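Here the protein sequences come in this chain order: X and R. Under my numbering, think of the first position of the first sequence as 6, with each following residue one higher. Under my numbering, think of the first position of the second sequence as 10, with each following residue one higher. Every residue gets a Cβ at the ideal spot worked out from N, C-alpha and C, and that includes glycine. What you are looking at is a predicted structure, and each value in this text was computed from that prediction instead of being measured. First comes the structure, then the notes that go with it.
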Amino acid sequence: MKRIFHVTTFTFRELIRSKMLYIWLLSAIVFCLLAFLLSILSFGEVHKIFMDLGLVGMEWSGTLVLLLSLAVTYNTEFEQKSIYLQLAKPITRGEYLLGRVLGFFSVISLVVLGMGLLIAGLVAFVGGGQVSPMFFYSSVFLLIEMFVLTTLGLTFQMIGTSMVGVVLYSMFTIFLGHCVGQVEWLLNQNLAPAVKTVLRVVHFFLPNLEAFNLKDRIYDPNLIFGWEQWREVLLYGFTYSFVVFLIGWINLEKREFM
Amino acid sequence: MTSPAYAIQIKDLSKTYKTGFWLKPKVTHALKNLTLDVFEKEAFGLLGLNGAGKTTAIKIILGFLAPTHGSVSILGGKISDRQVRNQIGYLSELPYFSRQHTGRELLEYFGSLHGFSGSALSKRVYEVLELVRMTKAANDRVSGYSKGMLQRIGIGQALIGKPKLLICDEPMSGLDPVGYKEMRDIFIDLKKTGTTLFLNTHIMDEVERVCDRIGILHDGQLKEVALVPDVLQSSINIDYWVDVDSHDASKLSGVPFQKSVAEQNGMQISGLVLPETLTLLSQRQVKTKGVRPLSSVMEAYFLKTIGAQQPTPSERVSS
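Given below as structure tokens:
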């Protein structure tokens, strides 16, 4: 356990000091400016605009930081081979991977929550409204989504053979993961059996990122939100992450470092 | 009589890479039936040209590659065993680290992976920083380090766990003469403390001064294993370069046994006929400006073992 913690803190420090975190600052500024601009045009309900845009901004900045971190660390760890020195130490590959996942997730959480606090501050002090509890629930759902994406991204890093490949796999999975609803709609259409089989396979493997998407339903009057929903999302998020982590771990165990 | 303890035992090790498309597969035999024993507390140098299979051997020893055939025992166990890895230090060729950390933080990280913590970790990091002469730059970010400093931090991380066995892949790469000497001194000190050294290198001088035994790998096959003193005392012949005054260059024609003549300044001659040649030059009133060996005994031995010619002075300059 201690070794996992050491890898986590090492990874955290590596990412938090990286220049790519300026992206986060930049996106925070852009979203704030955009929110102000739209609030001027919206004739009231400023706090709603702040919250909507803020949640989108949190997701975007978290995803962007993840993709950039994957690219930068692939270069350091695999192309420049700094992973060799670490795996030669008395640490298992599973411990190393788990430490990396937790290190990445810590940084991404910080980015997402930092942005969330900024938005909450804007809503309360500038928008003159109250921060709805749904905003916090959405943020937690977003964090679970980020955990799934972090595990996926790092698993791609363990499988991938190039930095571009790792980033592209991750980007496509994130994009398609948000299209699970469309895939389900297609499955209900009258399609050729072969197409349906392919779609079923895709549907089975893809992460259902819409399951974590509460931000689009914050103002839905018919939204039922209780313990059942929490349990479902938590169970799905962590089970999916665990399975993906296992795949990454097995791949890292079998990986040959040429 | 007790049998010697082995630090590394390699038995019949082979590694084959398959590359290319399935229609045109290409098979590369990186290692062919390598069998080698490295004894505890000895310094062993694995020599070979680029592509000879040295790095592949190290990667298999450390578990980064799976052998196609054969087995490796390291400190009496398997590399997958955490206890075994805790007793090993490894320095890769041109080590690379995350640029966001300081040298001290890196050593603390690697030390903590070896199980050090608290004051024991701080003490060990201090000792290693002193040993690799990086104390002054310890709190600077790695991004500002020179190649030599990176190499020193690299050897530092390899030594942080007080290894019984140190495995280094081209440890002198990228070092300037001062760094090279410092690294060599570190190896000599480690030998004195009973650390087993397994060095994969090109640099003959390093081998001569540090190693007890050498193995020569060529095209994936172990060609020779020999004691360094035996090699140095062997009657192997090396070539010499005789520098002559440019006015006397014309008198060199017809001197027997010369291997090559550079324009106007001298000739290459086998060590076997050196005394006779110098006598002959003296008789011809050729003014010799100097005589220098074109290779070390170790280099000549290495080249002879792999079936290569000793380099001419122009080749040496161009290389």
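Under the three-state reduction of DSSP output, Leu116 of chain R falls in the helix class. At the C-beta level, Val249 of chain X and Thr156 of chain X come within 9 Å of one another. Only those residues of the stretch 94 to 125 of chain X whose C-beta falls short of 9 Å from the nearest C-beta of chain R are listed: Lys94, Pro95, Ile96, Thr97. Interface residue (Cβ-Cβ distance to chain X less than 9 Å): Phe106 of chain R is classified as such.
Taking a beta-carbon distance threshold of 9 Å, Gly170 of chain R counts as an interface residue toward chain X.
Following the DSSP letters along the chain, one finds Ser175 of chain X inside the alpha helix (DSSP H) bounded by residues 168 to 182. From the listed residues R:Arg108, R:Leu56, R:Leu100, R:Leu22, the smallest Cα separation to Gly153 of chain R is found for R:Arg108. Not a single C-beta of chain R is nearer than 9 Å to the C-beta of Phe177 of chain X. When the alpha-carbon of Val134 of chain R is set against those of R:Ala167, R:Gln160, R:Ile70, the nearest one is in R:Ala167.
Contact of His52 of chain X with chain R is not assigned, every C-beta pair being separated by 9 Å or more. Rounded to whole angstroms, the gap between the alpha carbons of Ala309 of chain R and Asn59 of chain R is 17 Å. The beta carbons of Leu127 of chain X and Ala199 of chain X sit no closer together than 9 Å. Contact note: Tyr27 of chain X does not reach chain R at a C-beta cutoff of 7 Å; the least C-beta distance is about 14 Å. DSSP places Ile113 of chain X in no beta strand (DSSP E) but in the uninterrupted alpha helix (DSSP H) bounded by 98 to 126. Assignment of beta-bridge partners to Glu233 of chain R by DSSP yields R:Ile225.
With fewer than 16 other beta carbons inside 10 angstroms of its own, Lys259 of chain X counts as exposed.
Ranked by Cα distance from Thr210 of chain R, the first of R:Ala61, R:Phe30, R:Leu71 is R:Ala61.
Val145 of chain X and Ile70 of chain R have their C-alpha atoms spaced approximately 46 Å apart.
Residues of the stretch 63 to 83 of chain R whose Cβ lies closer than 7 Å to any Cβ of chain X, in chain order: Lys68, Leu71, Phe73, Leu74, Ala75. In the displayed model, Gln96 of chain R falls within coil according to three-state DSSP, outside both helix and strand. Segment contact: the stretch 63 to 78 of chain X against the stretch 108 to 127 of chain X, three or more CB-CB distances shorter than 8 Å; contact assigned. By the CB criterion at 9 Å, Asp248 of chain R and Gly275 of chain R fall outside the cutoff. Within chain X, no C-beta atom comes less than 9 Å from the C-beta of Gln160 of chain R; the nearest is roughly 12 Å away. Here Lys145 of chain R is exposed, its C-beta having fewer than 16 other C-beta atoms within 10 Å.
Per DSSP, Tyr241 of chain X lies in no beta strand (DSSP E) segment; the continuous alpha helix (DSSP H) that holds it begins and ends at 232 to 259. Burial of Thr205 of chain R is indicated by the presence of at least 16 other C-beta atoms within 10 angstroms of its C-beta.
For Thr16 of chain X, the CB contacts under 6 Å within the same chain, skipping 5 residues up- and downstream, are Arg105, Gly108 in chain order. Residue-level contact by beta carbon holds for Phe119 of chain R and chain X, with a gap shorter than 9 Å. Ala216 of chain X is not bridged by DSSP to any residue. The contact set of Phe15 of chain X on chain R, defined by CB atoms closer than 7 Å, consists of Tyr118 in chain order.
His123 of chain R and Ile83 of chain R have their C-alpha atoms roughly 18 Å apart.
Closest by C-alpha distance to Phe230 of chain X, out of X:Ile88, X:Leu60, X:Tyr142, X:Asp57, is X:Tyr142. Bounds of any alpha helix (DSSP H) do not take in His78 of chain R; it lies within the beta strand (DSSP E) bounded by 78 to 83. Residue burial is scored here from C-beta neighbours: Met307 of chain R has at least 16 other C-beta atoms within 10 angstroms and is therefore classed as buried. Taken through DSSP and simplified to helix, strand or coil, Leu38 of chain X comes out as helix. Bridge partners of Cys220 of chain R according to DSSP: none are assigned.
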